[in-house]
Amino acid sequence: MISTEEKNTELVEFLESQGYSSISSNGLKLINNYNGLENEIDSLYNGAALRNISHEGIIELKGKDALDLIHRIGTNSVKNLPKEGVQNTIFTSEKGRIIGVGSLINFEDYQLLVTSRTNKQKVMSWIRKYIISDDVEVNDANAKYNLIELSGPQADSFATLICGNVVNDIKPDSFKIVHTDNLLFFLIKQNVERNHNKFWFLADFDNTKRLINYMLENKGIFNFNLVGEEAYEIYRIEQGIPDAPNELNDDYNPHESGLVNLVDFEKGCYIGQEVIARLQS
């Protein structure tokens, strides 16, 4: 059986075969730089930037009570999340401190929760803690999927070039399955970054590899670059984007981390609700 680490390393090894050098960070292989720091930062701010985020935590939820459970323990309303819907939520402790932040993706028969690699095990344990008689199964799903992220002001136009008009049919915070040019993947659209749509491409290794090659071969006049860890870290700090473990941890609450927009103050009780509501008032 292929381990999560071995599976996620497959994509890094493919990128290494294209001439990019990896680094080791906390036992994980990552690409720090691709095409020059300035070029990568410029694509983040002015073009279309592609990141490998397969190392982030991917959790699979199964069972008829999964949405109801996440609704009860998370800060946002997800109980009625439609099929192909996406919703961000925060898991907080009884003191209103952050356990983890995740994007919940509803495939109807199951859900995926994408969270930080740092907090993945903590989030999985936190969800399992509140399963009593609920029909919910929680599994590590990183070995099943690769995940790449396209962002920047040109992301919408570039995604349309790659995927076709289906991009216009996908509403923000939802997804569709895309089958084009011998490629098969889920395309997830999120409207979360500097008023520009951000896209996640979720697929198996073979389709992800072909997809990256296809993007590189068809970038045309776009300011498109693969973006490594160094460029993105500079960008996220400049833009005030919180990340684990630095800003998303149990030293902070959603107000302090600038994530109060992920709290539904109308939905009623959840873990940490009283503290967070008191801070809001």
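Just so you know, we're using the working numbering here: the sequence shown kicks off at 122 and counts up by one. Note that the Cβ used here is the ideal one computed from N, Cα and C, for glycine as well.
Helix, strand or coil for Ile397? Go by DSSP, reduced to three states. helix
Whole alpha helix (DSSP H) runs in the segment 186–245 with 4 or more residues, listed along the chain? 187–194
Could you give the DSSP three-state label for Met122: helix, strand or coil? Model confidence at Met122 stands at a pLDDT of 43, short of 50, so the residue's coordinates are unreliable; what they give is reported in the following sentence. Reduced to three states, the DSSP call for Met122 is coil.
Can you find the residues in the same chain that come closer than 7 angstroms, C-beta to C-beta, to Pro366, ignoring five residues on each side of it along the sequence? Thr239
Simplified DSSP state of Gln311, which is helix, strand or coil: strand
To the nearest whole angstrom, what separates the beta carbons of Glu409 and Asn260, a pair I think is in contact under 8 angstroms? For the chain, the structure presents residues 122 to 402; residue 409 sits outside this window and is missing.
Identify every run of the alpha helix (DSSP H) within the segment 314–401, keeping only runs that are complete inside it and at least 4 residues long; order them along the chain. 326–338, 350–360, 394–401
Tell whether a beta-carbon distance below 9 angstroms holds between Ser237 and Leu369. yes
Given that a residue counts as buried once 16 or more other Cβ atoms are within 10 Å of its Cβ, and exposed if not, what is Gln360? exposed
What first and last residue would you give for the alpha helix (DSSP H) that runs through Val287? 287–290
So is Asn382 buried or exposed if we call it buried at 16+ other beta carbons inside 10 Å? exposed
On the CB-based measure, 16 or more other CB atoms within 10 Å of its CB, does Ala398 come out buried or exposed? exposed
In the structure shown, what three-state DSSP assignment does Val299 receive? strand
DSSP three-state assignment for Ala170, whether helix, strand or coil: strand
Restricting to Cα atoms, I'd like to know which of Asp256, Asn147, Phe296, Asn153 is closest to Leu188. Asp256
Which first and last residues belong to the beta strand (DSSP E) in which Ser175 is found? Segment: none, Ser175 is in no beta strand (DSSP E) and carries neither H nor E.
Can you give me the C-alpha to C-alpha distance between Gly217 and Glu161, rounded to a whole angstrom? 37 angstroms
Over the uninterrupted beta strand (DSSP E) stretch that includes Ser272, give me the two end residues. 267–272
Return the chain-ordered list of same chain residues with a C-beta closer than 8 angstroms to the C-beta of Asp302, the five sequence neighbours on each side being excluded. Tyr335
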